[in-house]
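Please read the structure below before turning to the comments.
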Amino acid sequence: MRPLLLLVLALCLNIAQAAETWHLAHEEAGIQVYLRDVPGSKYQSFRGVTTIKADVRTLSDLQENLRVACKWLYACADMRLLKVEGDDTWVYLTTALPWPAATRDMVLKVHTERTDDGSLVRHLTAVPGMVPREPGQTRVTRLQGLWTMIPKGQRQTEVTYEMQADPAGDIPAWLANQFVIDAPMITLKTLRAVAERQGIHADDPIQ
1 MRPLLLLVLA LCLNIAQAAE TWHLAHEEAG IQVYLRDVPG SKYQSFRGVT
51 TIKADVRTLS DLQENLRVAC KWLYACADMR LLKVEGDDTW VYLTTALPWP
101 AATRDMVLKV HTERTDDGSL VRHLTAVPGM VPREPGQTRV TRLQGLWTMI
151 PKGQRQTEVT YEMQADPAGD IPAWLANQFV IDAPMITLKT LRAVAERQGI
201 HADDPIQ
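Shown next as structure tokens:
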């Protein structure tokens with residue numbers, strides 16, 4: 001009985017590790033997009049990685065200025081601040097996905113961690129019931145995301161953007177497959193362009 005139990009445990013471990021394996025799905029302009037399957041979900045999670053010629057403070061400011069952030073975040077239609085408590089921020093976000101998908105909205109809780117080496121990590125979690133549902137919007141209630149920014153020298157930062165979500169409602173398979181590539185690729189490409197355009201003004205506060 002013991003050998004059989006060990007075999008079952010080993011198989012379960014192998015399955016879990018396989019589900020957690022990232023594979024490179026697309027690479028373009030110095031940006032790598034990795035995908036992996038999520039047990040129990042028909043939607044894949046994505047991870048986008050690139051290096052940006054800007055410091056962590058500049059990138060942090062570009063996230064915290066919501067008006068600016070909505071311009072570089074893929075499919076963002078509107079973003080507004082709901083509440084701030086210490087290192088936690090709550091943001092209301094609406095998206096405009098390509099036709100035929102309906103528009104989505106969500107409340108995101110963003111928990112920020114700063115480390116001694118100057119890195120910054122933001123954990124994103126959907127909060128289902130914080131604000132009433134809006135007519136005409138499909139509410140996203142299940143989402144986990146992560147932003148990681150690691151300094152790699154003077155004005156060089158390695159940026160990683162990860163997300164796994166259930167978009168709710170019906171999403172065509174082709175659009176779901178396109179989204180997990182376009183969301184990290186376009187987001188990181190646009191963020192990089194905005195951050196590097198600031199150049200010598202990176203230390204100035206965003207107006």
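So the sequence shown is numbered by the UniProt record's numbering: it starts at 1 and just counts up by one.
Cβ coordinates follow ideal geometry from the N, Cα and C atoms, glycine included.
Here the structure is a predicted model, which means the values were calculated and not measured.
Nearest to Glu27 by CA position, among Pro167, Gln198, Pro184, Thr125, is which residue? Residue mapping note: residue 27 aligns to position 27 of the sequence shown, counting from 1. Considering only alpha carbons, the answer is Pro184.
Could you pull out every residue in the same chain whose Cβ sits closer than 7 Å to the Cβ of residue 209, ignoring the five residues on either side in sequence? Not covered by the structure: residue 209. The range shown for the chain is 1 to 207.
Can you pull the DSSP bridge partners for Asp142? As a working mapping, residue 142 is identified with position 142 in the sequence shown. Per the sequence presented here, residue 142 reads as Arg, with Asp not at that position. According to DSSP, Arg142 bridges with Asp166.
Considering only the alpha carbon of each residue, which of Trp22, Ile171, Val180 lies closest to Ala101? As a working mapping, residue 101 is identified with position 101 in the sequence shown. It is Ile171.
Can you tell me where the alpha helix (DSSP H) with Arg57 in it begins and where it stops? On the sequence shown, position 57 is the one that residue 57 refers to. It spans 56 to 64 - the alpha helix (DSSP H) in which Arg57 sits, taken as one unbroken run.
How would you call Gln207, buried or exposed, if buried means at least 16 neighbouring beta carbons within 10 angstroms? Within the sequence shown, residue 207 is the residue found at index 207, counting from 1. Bear in mind that the predicted position of Gln207 carries a pLDDT of just 41, short of 50, making it unreliable; the figure below should be weighed with that in mind. Exposed is the call here.
Under the three-state reduction of DSSP, which class applies to Lys189: helix, strand or coil? For this step, residue 189 is matched to residue 189 along the sequence shown. If DSSP states are grouped into helix, strand and coil, Lys189 belongs with the helices.
Would you please state the rounded distance, in angstroms, between the beta carbons of Val107 and Val131? I believe it to be under 8 Å. On the sequence shown, residue 107 is found 107 positions in, with the first residue counted as 1. On the sequence shown, residue 131 is found 131 positions in, with the first residue counted as 1. At roughly 6 Å, the Cβ-Cβ gap stays under 8 Å, so Val107 and Val131 are in contact.
Beta-carbon contacts of Pro205 that lie in its chain and below 8 Å, excluding the five residues immediately before and after: Start at 1 with the first residue of the sequence shown, and residue 205 comes out as number 205. Since pLDDT at Pro205 reaches only 47, below the 50 mark, its modelled position is unreliable, and no value is offered.
Helix, strand or coil at Leu175 according to DSSP, with G and I counted as helix: The count along the sequence shown starts at 1 and reaches residue 175 at position 175. Leu175 falls in the helix class under three-state DSSP.
Assign Ser41 to buried or exposed, taking buried as 16 or more other Cβ atoms, counted over all protein chains shown, within 10 Å of its Cβ. For the purposes of this step, residue 41 is identified with residue 41 of the sequence shown, where counting begins at 1. So Ser41 ends up on the exposed side.
Is Gln137 helix, strand or coil when you go by DSSP? Your numbering for residue 137 matches position 137 in the sequence shown. Three-state DSSP puts Gln137 in coil, outside helix and strand.
Leaving out five residues on either side along the sequence, give the residues of the same chain with a beta carbon under 7 Å from the beta carbon of Gln154. Along the sequence shown, one-based indexing puts residue 154 at 154. Hits under 7 Å: none found.
Can you tell me where the beta strand (DSSP E) with Lys53 in it begins and where it stops? For the purposes of this step, residue 53 is taken as residue 53 along the sequence shown, with counting starting at 1. Careful: Lys53 lies outside any beta strand (DSSP E) and carries neither H nor E.
Out of His111, Gly145, Ala173, Leu175, state which residue places its alpha-carbon closest to the alpha-carbon of Met163. Walking along the sequence shown from the start, residue 163 turns up at place 163. Measuring from the Cα of Met163, the nearest candidate turns out to be Gly145.
Tell me, to the nearest whole angstrom, how far the beta carbon of Val180 is from that of Leu35; I am working on the premise that it is less than 8 Å. For the purposes of this step, residue 180 is identified with residue 180 of the sequence shown, where counting begins at 1. For the purposes of this step, residue 35 is identified with residue 35 of the sequence shown, where counting begins at 1. Going by Cβ atoms, the distance from Val180 to Leu35 rounds to 6 Å, so yes, they are a contact pair.
Find the nearest neighbour of Tyr161 within the set Tyr43, Gln63, Arg80, judged by alpha-carbon distance. Here residue 161 refers to the residue found at position 161 when the sequence shown is read from its first residue. Minimum Cα distance to Tyr161 is reached at Gln63.
Just verifying my parser: in three-state terms, what is the DSSP assignment at Trp72? Translated into the one-based positions of the sequence shown, residue 72 becomes position 72. Three-state result, Trp72: helix.
In the DSSP assignment, what residue or residues form a beta bridge with Thr160? Locating residue 160 in the sequence shown gives position 160, counting from the first residue. Thr160 is bridged to Val49, Thr148.
Is it buried or exposed, Pro167, if we count other Cβ atoms within 10 angstroms and call 16 or more buried? Start at 1 with the first residue of the sequence shown, and residue 167 comes out as number 167. The residue in question, Pro167, is buried, as its Cβ has 16 or more Cβ neighbours within 10 Å.
Nearest to Ser119 by alpha carbon, out of Val110, Lys109, Gln156? As a position in the sequence shown, residue 119 is number 119, starting the count at 1. It is Gln156 whose Cα lies nearest to the Cα of Ser119.
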